[in-house]
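Just so it is clear: in the first sequence, position 117 is 117 by full-length UniProt numbering, and no numbers are missing.
We treat Cβ as the ideally placed atom computed from N, Cα and C, and that holds for glycine.
Bear in mind the structure is a predicted one, so any value in this text is a computation, not a measurement.
Here the structure is laid out as structure tokens; the discussion comes afterwards.
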Amino acid sequence: MDEQQEQEQQEAKLYFSRNLLEWYHGQKRDLPWRRHRNPYYIWISEIMLQQTRVDTVIPYFNRFIERFPTVESLADAPEEDVLKCWEGLGYYSRARNLQHAAKQVKDEYGGQVPDDRDAVFSLKGVGPYTAGAILSIAFNRPEPAVDGNVMRVLSRYFLIEDDIAKGPTRIKMERLAAELIPEGEASHFNQALMELGALICTPKSPRCLPCPVMEHCSARLAGCETSLPVKTKAKPPRPEERLAALIEGRGGHAGRVLIRQRPSSGLLARMWELPHWPAPPAEGGASAALLPETAAQDRLRRSLLQAGIFARPEGHWMAAEHTFSHIVWTLQVYRCREEEAPALPLAAEGRVPYGAASSPADPGSASASGLADPAAAADYAASSAAGTSPGVYNAGLTASVPADLFAEEPAPAERFADGGGNPEDAGAVRWINRGDMANYAFPNVFLKLLNAYFDEQEGKSDN
DNA sequence: AAATCGGGGTG
DNA sequence: CACCCAGATTT
């Protein structure tokens, strides 16, 4: 690049920074986290915005800071409260990382979000982008905050054709973004950059006419703005057919359905769900949806028994789909009815094996109670499990199940080939009614299924 | 460097 | 419906 080009490049940068900043002051949106310069608010909003659009985040943000107004209140909250507040937002490990980081701030930084690069970086869930966002937006530090919006804007304005999915490209963008920050204006400028990406320089059809920097935008001048940024495509998610059980309680559980808690690591960690297992591949490669219903019900019953849950599938209810980044679940949901446990033994913990092979029946535990009636057994479990809510049912039924029922069970790794983590801390089950849903955090697909079910029940009882 | 982590919007 | 959106952590 000769001297003349270099000078033009410098002018393009100055033009960009000046015009963008001026535009932002006239166009910035009124957002809840922009109404104060509270580093805690900025931090919460940036974690939420990592994954979701502004419109979706706003109600979550408002509820979150109402429920957890300070770092300390977040640090001291029960984890399930934090997860419940995050319910439906996705990427739940971020909620758990956020609370972990709140404890860090409380214990190591006196409850104040640190105004220090290394300290901010050390917080769980805070990476290069979020650290830069907190330091610049909350503390006006001249740090770059390069997210997808910023990379899109910069790749177009400076016509950078590097693949933004690659690591080194982000480093390059950060160097460039840092150069562009006007003296003393890091907070406004970084927000302006992201605001432009969100409102004007959008992925599909950028609105170049109202763009404050269109005159010197290299991509627009070259007519290639819609083909930037260059980004390698993600590989498509793999499909997974699963059989799910909506179990209607009987006796002491009448009007309730059974839910269980997922393991504390992996997919949807510690969230609650209807029990479900991979569907066996049908003959000839047909999908599980085409699996003869009796075969599917038989398989589901085996899986339920294997998990220590006594229930009988009674027919297909509905299908539901749930899309992750890397998997697509198709859930075939069967309505099931709770059955009486054959022998009896109720252990005290309210847990069932989740990923592990079922433990052998413990003859000792069988004498823990002599209750054969499910309602009485539930009462027994509730009364013997201190600190649990009414309706808690101990499905840790290690009772004698005919061994041949398990003859065709797949290996544990196959049964729970969904990213399930440590089986030791999973498998808690509860019988819940609609009101109890407020106490458990569910992924959206199960929220929809449970609401659909309770709606259906209410409709029936009205008639 | 590649895979793991949700859920929603657009055309 | 196909296709798009992304940052931190783990492996």
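{"query": "Counted within 10 angstroms of its Cβ, other Cβ atoms place cysteine 224 as buried (16 or more) or exposed", "result": "exposed"}
{"query": "Own chain partners of glycine 132 with C-beta closer than 6 Å, once the 5 adjacent residues on each side are dropped", "result": "Glu143, Pro144 and Ala145"}
{"query": "Classification of glutamine 306 by the beta-carbon crowding that lies within 10 angstroms, buried from 16 upward", "result": "buried"}
{"query": "DSSP three-state assignment for arginine 207, whether helix, strand or coil", "result": "coil"}
{"query": "Unbroken alpha helix (DSSP H) run spanning threonine 130, endpoints", "result": "128–133"}
{"query": "Buried or exposed by the 16-neighbour rule on C-beta atoms within 10 Å, applied to arginine 18", "result": "exposed"}
{"query": "Aspartate 118 to isoleucine 181 span [Cα, whole Å]", "result": "21 Å"}
{"query": "Status (buried if at least 16 other CB within 10 Å, exposed otherwise) for glutamate 456", "result": "exposed"}
{"query": "Whole-angstrom distance between alanine 244 and lysine 448, CA atom to CA atom", "result": "14 Å"}
{"query": "Euclidean distance between Cα positions of histidine 322 and phenylalanine 16", "result": "42 Å"}
{"query": "Extent of the continuous alpha helix (DSSP H) to which cysteine 336 belongs", "result": "Taken as a continuous stretch (DSSP letters only), cysteine 336 belongs to no alpha helix (DSSP H), being part of the beta strand (DSSP E) at 327–338."}
{"query": "Through-space distance from leucine 83 to glutamine 332, alpha-carbon basis", "result": "26 Å"}
{"query": "Cβ pair residue 465, isoleucine 47 closer than 8 Å", "result": "Residue 465 lies beyond the range of the chain shown here (1 to 463); nothing can be said about it."}
{"query": "Proximity below 8 Å, CB of glutamine 51 to CB of glycine 90", "result": "yes"}
{"query": "Nonlocal neighbours in the same chain, by C-beta distance under 8 Å from glutamate 174, ignoring five residues either side", "result": "Pro128, Gly132, Pro144 and Val146"}
{"query": "Buried/exposed call for glutamine 4, threshold 16 Cβ in 10 Å", "result": "exposed"}
{"query": "heavy atom of the ligand ADP below 7 Å from tyrosine 453 C-beta", "result": "Summarising the ligand content, the structure contains no ligands, and the ligand ADP is consequently not present."}
{"query": "Among Ala319, Lys13 and Asn439, the one whose alpha carbon lies nearest that of tyrosine 453", "result": "Ala319"}
{"query": "Where the beta strand (DSSP E) through isoleucine 247 begins and ends", "result": "238–248"}
{"query": "Given 8 Å, three or more beta-carbon pairs between the region 161–174 and the region 207–222", "result": "no"}
{"query": "Member of Ser45, Phe158, Ala95 and Ile65 whose CA lies at the smallest distance from the CA of serine 265", "result": "Ala95"}
{"query": "Span of the beta strand (DSSP E), counted from its first residue to its last, around proline 322", "result": "It should be pointed out that residue 322 corresponds to histidine in this sequence rather than to proline. 311–323 is the extent of the beta strand (DSSP E) around histidine 322."}
{"query": "Same chain, Cβ closer than 6 Å to proline 275, neighbours up to 5 away in sequence not counted", "result": "Ala245 and Arg260"}
{"query": "For glutamine 7, the first and last residue of its enclosing beta strand (DSSP E)", "result": "Here glutamine 7 belongs to no beta strand (DSSP E); instead the alpha helix (DSSP H) covers 3–27."}
{"query": "Three-way DSSP call (helix, strand, coil) for glutamine 261 in this model", "result": "strand"}
{"query": "Glutamate 195 - DSSP class collapsed to helix/strand/coil", "result": "helix"}
{"query": "Tyrosine 24 and glutamate 195 closer than 8 Å at C-beta", "result": "yes"}
{"query": "Which of helix, strand or coil DSSP assigns to histidine 36", "result": "coil"}
{"query": "Beta-carbon proximity check, methionine 271 vs tyrosine 92, cutoff 8 Å", "result": "yes"}
{"query": "8 Å Cβ shell around leucine 74 - same chain, five flanking residues per side excluded", "result": "Phe68, Val82, Leu98, Gln99 and Ala102"}
{"query": "Environment of serine 88 [buried if 16+ CB atoms lie within 10 Å]", "result": "Checking the sequence, you will find glycine at residue 88 rather than serine. Under this definition glycine 88 is an exposed residue."}
{"query": "Status (buried if at least 16 other CB within 10 Å, exposed otherwise) for glycine 427", "result": "buried"}
{"query": "Cβ shell of aspartate 76 (< 7 Å), same chain only, five flanking positions each side left out", "result": "none"}
{"query": "Local Cβ density within 10 Å of serine 205, reported as buried at 16 or more and exposed below that", "result": "exposed"}
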